[in-house]
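Using the numbering used here, you'd call the opening residue of the sequence shown number 1471 and step up by one each time. Data block below; observations after.
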Amino acid sequence: MPFIKAIAGHTRLGAAQRYLEREGRALARDFLNLDAPMEGMDDDGLPEYGDYDWSSIMDGTREKLGNDRPFRGRKARTYKHYVISPDPRDTVSLSRLRSVTMSWVEENFGDYEVAVVYHDDNEHHVPHAHVVVNNTNLDTGRRLQDPDPGALNGSLQRIARDAGLTHFVGRLDGAARDETHYRRRAVDRTEASLARRGEYSWVADIRARVDVARGIAKNPEDFQGALREMGINVRESASRKGDWVYSLAETPSRQVTGSKLGASYTRREVTGWLRSPTRRAPVPVTVHNVREVAAGAIEVKDLRELVDLSEAVSIVSRGGFRSLSAMDSAVSRMRGMPNREATVARLERARRYCAEHGILPERATTQPNRRPTGPSGTRDNRRGGQEYRGGSRPARQQTRRDERSER
1471 MPFIKAIAGH
1481 TRLGAAQRYL
1491 EREGRALARD
1501 FLNLDAPMEG
1511 MDDDGLPEYG
1521 DYDWSSIMDG
1531 TREKLGNDRP
1541 FRGRKARTYK
1551 HYVISPDPRD
1561 TVSLSRLRSV
1571 TMSWVEENFG
1581 DYEVAVVYHD
1591 DNEHHVPHAH
1601 VVVNNTNLDT
1611 GRRLQDPDPG
1621 ALNGSLQRIA
1631 RDAGLTHFVG
1641 RLDGAARDET
1651 HYRRRAVDRT
1661 EASLARRGEY
1671 SWVADIRARV
1681 DVARGIAKNP
1691 EDFQGALREM
1701 GINVRESASR
1711 KGDWVYSLAE
1721 TPSRQVTGSK
1731 LGASYTRREV
1741 TGWLRSPTRR
1751 APVPVTVHNV
1761 REVAAGAIEV
1771 KDLRELVDLS
1781 EAVSIVSRGG
1791 FRSLSAMDSA
1801 VSRMRGMPNR
1811 EATVARLERA
1821 RRYCAEHGIL
1831 PERATTQPNR
1841 RPTGPSGTRD
1851 NRRGGQEYRG
1861 GSRPARQQTR
1871 RDERSER
């Protein structure tokens, strides 16, 4: 049975398009009510499109009709983003998914601008569709009202049934139950499982965003600014001295204290880390590219991407890495050490991620600053925040070796 996940967007669409189409991850694209340039047909007779700035077209449509302005004091919902995920057991081909998806799009959003981007970047490489619907009805000029989720789901299940795919029958479309289709109890268990994962997901979402903000911030003030940019509100805890309360700006009721995220997320620990004289500020290329990836992942609610990004940023920040070659040097040193397999695996995973997303340069382009000196001119030998988690050497010692290896 295909599932639909609905996400509301409240910004311009540039970040969403960049995220959905970056680095060739898009398997294919489809459009409705948009004049995308065709470059030919694929082996299944479906259209292939050239480069097309569909996000700017959608933004222009909204702006022209004033549908990007706040409404009754609330931020405008600028688009709806639906993720259609087929049942893995159906082993749906890309062409079949495109056919089902566009049938659903045309049936439910015939008067709207729609861009569809297909991916298979999940664990089992099952193709799925990202459907982006602009908020403006081209016929009436009015804003998109929230469609009935039950009606949208019923429409998809009926289309899936007609395409020979497994689907849910019963209340959604009134068709007779077939023993080859899902039983209601199985669906209930799936929905309960998703709900449980959803409760964890928003906590994991906050934790990942905090990790990213902490990794790119220069100081505590910059940290709070980065949190706001990533849609996280933060305030001091009234009941726990030295702690913070983090919440999602879009759903303030979802809040959690830093101590519940982990000891290193309290106000005392975060502030101490950011003010540590031995901590090395991130390089500009890291900050810029991390912000770009984070903005896209947050825009389309891709928690897995955020978690992967936060892990990589944490490793780069804690290890004081300035380049990919510095990470390679650390991996080479640790590979022969006993009981370092897990640390090496984390470093290698972070290195791959940084290389793929351009978070670090291949080699450091500028010489890092020397250790700070105390008021008397003597070197500050405090080691707070120097050690990379997993037991590696302090970042200062590691950096010196990395510099020698890069000469």
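Quick reminder that beta carbons are idealized off the backbone N, C-alpha and C, glycines included. A quick note: this is a predicted structure, and the numbers were derived from the prediction, not measured.
### Query
From VAL1763 to ALA1486, what distance separates their C-alpha atoms?
10 Å
### Task
Within the same chain, show all residues whose beta-carbon is closer than 8 Å to that of ASP1461, passing over the 5 residues directly before and after it, in chain order.
Since the first residue shown for the chain is 1471 and the last is 1877, residue 1461 is missing from the structure and cannot be characterised.
### Message
Mapping the DSSP letters down to three states, classify MET1804 as helix, strand or coil.
### Response
helix
### Message
Check this for me: beta carbons of MET1700 and ARG1724, under 9 Å apart or not?
### Response
no
### Task
Would you please state the rounded distance, in angstroms, between the beta carbons of ASN1578 and SER1625? I believe it to be under 8 Å.
6 Å
### Query
Helix, strand or coil: how does DSSP classify SER1717 here?
strand
### Task
Check whether the Cβ atoms of VAL1575 and VAL1553 lie closer than 9 Å to each other.
no
### Query
Whose C-beta lies closer than 8 Å to the C-beta of PRO1597 among residues of the same chain, with five residues either side of it excluded?
LEU1497, PRO1556, VAL1562, SER1563, LEU1564, LEU1567, TYR1588, HIS1589 and ASP1590
#### Entry: ALA1733 versus TRP1714: straight-line alpha-carbon distance, rounded
11 Å
### Outcome for PRO1722 when other beta-carbon atoms lying within 10 angstroms are tallied against a minimum of 16
exposed
### Task
Out of ARG1488, GLY1479 and LEU1502, point me to the one whose CA is closest to ARG1547's CA.
GLY1479
### Query
GLY1510 lies in the alpha helix (DSSP H); which residues open and close that run?
First-last for GLY1510: 1508 to 1511, but that is the beta strand (DSSP E), not the alpha helix (DSSP H).
### Query
Going along the chain, which residues of its own chain have a beta-carbon closer than 8 Å to the beta-carbon of LEU1535, five neighbours each way excluded?
THR1606 and GLY1611
### Query
From VAL1570 to ASP1500, what does the alpha carbon distance come to, in whole angstroms?
12 Å
### DSSP three-state assignment for GLY1640, whether helix, strand or coil
Summary for GLY1640: the model assigns pLDDT 42, below 50, so the residue's position carries little reliability; its value from the coordinates is reported in the next sentence. GLY1640 falls in the coil class under three-state DSSP.
#### Entry: Three-way DSSP call (helix, strand, coil) for GLU1857 in this model
At GLU1857, the pLDDT of 36 sits below 50, so the modelled position is not reliable; the number obtained from the coordinates is stated separately. GLU1857: strand per DSSP, three-state reduction.
### Task
Specify whether the stretch 1746 to 1759 and the stretch 1826 to 1833 touch according to this definition: at least 3 beta carbon pairs, one from each stretch, less than 8 Å apart.
yes
### Task
Please report the residue range of the alpha helix (DSSP H) in which LEU1776 lies.
1773 to 1789
### Query
Which same chain residues, not among the five before or five after ARG1613, have their C-beta less than 6 Å away from its C-beta?
ASN1537 and ASN1605
### Residue of SER1784, GLU1775 and VAL1777 minimising C-alpha distance to VAL1740
SER1784
### Query
On the three-state DSSP scale, how would you describe PHE1693?
helix
#### Entry: Member of GLU1533, LEU1504 and ASN1592 whose CA lies at the smallest distance from the CA of ASP1521
LEU1504
### Query
Alpha carbon to alpha carbon, how far is TYR1716 from ALA1708?
13 Å
### Query
Taking the alpha carbon of LEU1773 as the point to measure from, which residue in VAL1682, ARG1833 and VAL1814 has its own alpha carbon closest?
VAL1682
### Message
To the nearest angstrom, how far is the alpha carbon of ASN1592 from that of PRO1558?
### Response
11 Å
### Residue span of the beta strand (DSSP E) that contains ASP1500, given as start and end
1498 to 1502
### Short Cβ contact (9 Å threshold) for LEU1490 with ASP1529
no
### Query
By Cβ distance below 6 Å, which residues in the same chain neighbour ASN1703 in space, the five residues on each side in sequence not counted?
SER1717 and ALA1719
### Message
What would DSSP say about SER1555, mapped onto helix, strand or coil?
### Response
strand
#### Entry: For THR1741, the three-state DSSP class (helix, strand or coil)
helix
### Message
I'd like to know whether the C-beta atoms of ALA1476 and LYS1550 end up nearer to each other than 9 Å.
### Response
yes
### CA-to-CA distance, MET1511 to ILE1768, given in whole angstroms
33 Å
### Task
Might you give, ordered along the chain, the residues of its own chain that have their beta carbon closer than 6 Å to the beta carbon of ALA1782, omitting 5 neighbours on each side?
ALA1820, TYR1823 and CYS1824
### The beta strand (DSSP E) enclosing ALA1879, as first and last residue numbers
This structure does not reach residue 1879, given that the chain is present from 1471 up to 1877, and the question cannot be answered.
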